[in-house]
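In the working numbering, the protein residues as written are 27 to 547. All C-beta atoms in this analysis are idealised placements derived from N, C-alpha and C, irrespective of residue type, glycine included. Treat the numbers as computed from the prediction; the structure is a model and nothing was measured.
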RNA sequence: GCUCCCGUAGCUCAAUGGAUAGAGUAGGUCUCUUCUAAGGACUUGAUGUAGGUUCGAUUCCUACCGGGAGCACCA
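Quick look at the structure:
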């Protein structure tokens, strides 16, 4: 439809004798200002009357009314016939409604979550997990082929700290204990560094055993959380596998790209970073180079998205600069997507670990506020993360997250459940063949769903979908309050058709966001 | 100190360079006892400061103020 309007305006411009330049066709923020709006009247002020006249004469059947408004906007209003057909389209396509093919054949890899074995899966991991998996679904809905992968740090000092603690017989939260000793006790620090080396070279049987068992248990516990959150990874990559290759890539480019400095090998980009430390071990930076190559070998992507926290924004900038020199083809396809931090109101402390709050604990806390329903709790958490733009910190207010009125996952789930209940109780069939005189706001929102999904994919902005669904749910509530949906009124089948379309769009939207669409609540 | 990110209603968030800066909550005034009151109507209220570019700036540029993150051998 948007294309159609654009073409029409192009023709209009030609007919009044101007070379078509830049102009925008968009949905105005306020429905009063029409369904589509264009700024051509501002761009070509002196011709606006003529342009309007041309459009009026050549009005497509979907458009009911055109008018000039404000400083020269041309607003277009869709006809009730258009809405009627959009309802038909929605019920016809059902679960497919909203899918597009514009990214068809495009291969995307999304790396997200990236927890470290031996450490807690804390609330900080919920952000990349929810954002990454939702973005993956958005890409899929746009026709792309998507692989979700998880890159985990199974070697390194943090692992040594945990292994050391386990060796001391500490079973509860070994990393926390090991980390504490590392900082406070010089002797423990030495032992931990020794263990770190042994983990790399696998020379000590006892340590190998502790390491293997701990790694396994840790990874298994992550799987339980993924299951709860509904995340499915296509593959897992580990730092223990990327280090060697990364080191080799760096070593092959000493001189031109990397240089020696104080015993380490560094890259001097927008700031200097160490890629191989003075002990000859690859750092995170080098490992990420190796990871890029390994990931590409697994799946030759057209786009590689890496979702991480904001705090390594600078780090990634430099890694991508270095990658641009040694693996230029891959660097071009890589997109770093940093997200903000998930914060809880101050004063909230974990009961078990002291400083970090695990994802598990948060889910339990939210559950307590929703009569123990895990599906509702998960939906509430996901919505809180997805409702706002990626990149900004989130203040997670538990009470707000489960608020039944307004802006929450529960609100969407209720609206959906309510529409289900209406459809169940109705004794008539939904029928969109006889549209009503007046269109309701909800009709003017429903057909936009595919556009929203497309835009969310293009701009890496799942929050467009979340906020759209909330607006849609609100207009559904409004519709519900003002219209007798089930009645003897001859128009009621059309109203039911609206409810049915809403039901479909809401279900599809919740699917994309990964929020459980509960039939009943 | 340097670099990056962010400053929008009392609070939590929106706004592809466009119209009267939108929502939700909180506050105020009403309303509905229903097919899920987990409603509905009206209302109060905001772009940190000072410049610049533009027909038009929350958006782009510069400086300042305020908050957060990062600053080479941790990940």
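- Assigned with DSSP and collapsed to three states, residue 249 falls in helix.
- DSSP, read as helix, strand or coil, puts residue 454 in coil.
- The alpha-carbon separation between residue 472 and residue 531 amounts to approximately 7 Å.
- Beta-bridge pairing by DSSP links residue 330 to 135, 360.
- Under the three-state reduction of DSSP, residue 444 is assigned to helix.
- Bounds of the alpha helix (DSSP H) holding residue 210 are 200-210.
- Within 10 angstroms of the beta-carbon of residue 364 lie 16 or more other beta-carbons, which makes it buried.
- Across the structure, residue 100 and residue 60 are spaced so that their CA atoms are roughly 9 Å apart.
- With a cutoff of 8 Å on beta-carbon distance, residue 103 and residue 82 are scored as not near each other.
- DSSP links residue 174 through a beta bridge to 136.
- At a Cβ-Cβ threshold of 8 Å, residue 148 and residue 385 count as neighbours.
- Under DSSP, the beta-bridge partners assigned to residue 365 are 335.
- For residue 110, the enclosing alpha helix (DSSP H) stretches over residues 106-119.
- Secondary-structure assignment with DSSP links residue 102 through a beta bridge to 62, 92.
- For residue 299, there is no enclosing alpha helix (DSSP H); the residue is part of the beta strand (DSSP E) that begins and ends at 298-302.
- By the CB criterion at 8 Å, residue 409 and residue 370 fall outside the cutoff.
- Residue 412 and residue 492 do touch by the CB rule: their CB atoms are close to 4 Å apart, below 8 Å.
- Residue environment analysis places residue 120 among the exposed positions, since fewer than 16 neighbouring C-beta atoms fall within 10 angstroms of its C-beta.
- Between residue 312 and residue 178, the alpha-carbon positions lie close to 15 Å from each other.
- With respect to the 8 Å criterion, residue 518 and residue 524 are not classified as neighbours on the basis of their beta carbons.
- By the Cβ-count criterion, residue 151 is buried, with 16 or more other Cβ atoms from all chains shown falling within 10 Å of its own Cβ.
- Note that the C-beta distance between residue 73 and residue 51 is not below 8 Å.
- Counting along the chain, residue 478 sits inside the alpha helix (DSSP H) bounded by residues 475-484.
- About 15 Å separates the CB atoms of residue 392 and residue 421; that is not less than 8 Å, and the two are not in contact.
- With 16 or more neighbouring CB atoms inside 10 Å of its own CB, residue 159 falls in the buried class.
- In the DSSP assignment, residue 284 forms a beta bridge with 280, 293.
- Three or more pairs of CB atoms, one per stretch, sit closer than 8 Å, so the stretch 459-469 contacts the stretch 106-113.
- Going by C-alpha positions, residue 224 is about 12 Å away from residue 235.
- Within the model, the alpha-carbon separation for residue 195 versus residue 204 is close to 11 Å.
- Taking all protein chains shown into account, residue 291 has 16 or more neighbouring C-beta atoms within 10 Å of its C-beta and is therefore buried.
- Spanning the alpha carbons of residue 304 and residue 288 requires a straight line of approximately 8 Å.
- Residue state for residue 466 is assigned as coil, using DSSP reduced to three classes.
- When DSSP states are grouped into helix, strand and coil, residue 418 belongs to the coil group.
- Cβ contact annotation for residue 322 (same chain, cutoff 7 Å, sequence separation greater than five): 356, in chain order.
- The three-state secondary structure of residue 502, taken from DSSP, is helix.
- Boundaries for residue 123: no alpha helix (DSSP H) harbours it, and the DSSP string shows neither H nor E there.
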